[in-house]
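**Student:**
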Amino acid sequence: MAKQDTSQETRPLGPGAGGAEDFIAVRLNSMALVVLYAWLLTALVLLLPDLSHAKVTAWLRHPLNSIMMILLIGMSFWHVKYGLAELIDDYVHVPLNRALAISANYTFTGVGALVAVWSVVRVALAPAG
-7 MAKQDTSQET RPLGPGAGGA EDFIAVRLNS MALVVLYAWL LTALVLLLPD LSHAKVTAWL
53 RHPLNSIMMI LLIGMSFWHV KYGLAELIDD YVHVPLNRAL AISANYTFTG VGALVAVWSV
113 VRVALAPAG
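Anchor point for the sequence shown: position 84 equals 76 in our numbering, and the numbering is continuous, going up by one each time.
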């Protein structure tokens, strides 16, 4: 059998694979963040003119508010992780530095999100008083 000449075929070379899906995901995430931050600012400015600890914790104990806050935290940290990953892809070219930067990005954004969500859950489930 004759071997085919594959030099003119297009092949996925890595960075271009999945670009459209990532682009759409980031845009949808950004739109959701606009809505969630509008909700938070509206709540803080209009519904909670007194930002005392007791009033804010009572507000956060409401299930809808705590769920919305957890969504805000999760989406914000995902957005930060994705943005930092783009910076790392564009500007860090040494393989070891790149691996360390990606590991640090995933670790710090993951731990930060977990601590923030844990804090909201702790406040939401704490006894009133």
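The beta carbon of each residue, even a glycine, is placed where N, CA and C say it ideally should be.
1) Using 8 Å as the threshold, is the stretch 67 to 82 in touch with the stretch 90 to 108, meaning 3 or more CB pairs across them?
2) State the Cα-Cα distance for the pair Y83 and N21, rounded to the nearest angstrom.
3) Reducing DSSP to helix, strand and coil, say where R19 ends up.
4) Would you tell me roughly how many angstroms separate the C-alpha atoms of N57 and W51, rounded to the nearest one?
5) What's the C-alpha gap between G104 and W31?
6) What number of angstroms, rounded off, separates the C-alpha of S44 from the C-alpha of L117?
7) What separation, rounded to the nearest whole angstrom, lies between the Cα atoms of V112 and L63?
8) Measure the C-alpha to C-alpha separation of L33 and F15 and round it to an integer number of angstroms.
9) Taking only the alpha-carbon atoms, compute the straight-line gap between V18 and A96 and give it to the nearest angstrom.
**Tutor:** Working from what's here:
1) They touch, by the three-pair rule.
2) As a working note, residue 83 is residue 91 in the sequence shown. As a working note, residue 21 is residue 29 in the sequence shown. The alpha-carbon atoms of Y83 and N21 are separated by roughly 24 Å.
3) The residue given as residue 19 occupies position 27 in the sequence shown. Helix, per DSSP.
4) On the sequence shown, residue 57 is found 65 positions in, with the first residue counted as 1. On the sequence shown, residue 51 is found 59 positions in, with the first residue counted as 1. If you take the alpha carbons of N57 and W51, they lie about 7 Å apart.
5) The sequence position of residue 104 within the sequence shown is 112, counting from 1. The sequence position of residue 31 within the sequence shown is 39, counting from 1. Cα-Cα distance, rounded: 22 Å.
6) Taking the first residue of the sequence shown as position 1, residue 44 is located at position 52. Taking the first residue of the sequence shown as position 1, residue 117 is located at position 125. Straight-line Cα distance between these residues: approximately 19 Å.
7) By 1-based counting over the sequence shown, the position of residue 112 is 120. By 1-based counting over the sequence shown, the position of residue 63 is 71. Near 11 Å, if we compare the C-alpha coordinates of L63 and V112.
8) Taking the sequence shown and counting its residues from 1, one reaches residue 33 at position 41. Taking the sequence shown and counting its residues from 1, one reaches residue 15 at position 23. Distance between the alpha carbons of L33 and F15 is about 27 Å.
9) Position 26 of the sequence shown, counted from the start, is the residue given in the question as residue 18. Position 104 of the sequence shown, counted from the start, is the residue given in the question as residue 96. Their backbone Cα atoms lie some 21 Å apart in a straight line.
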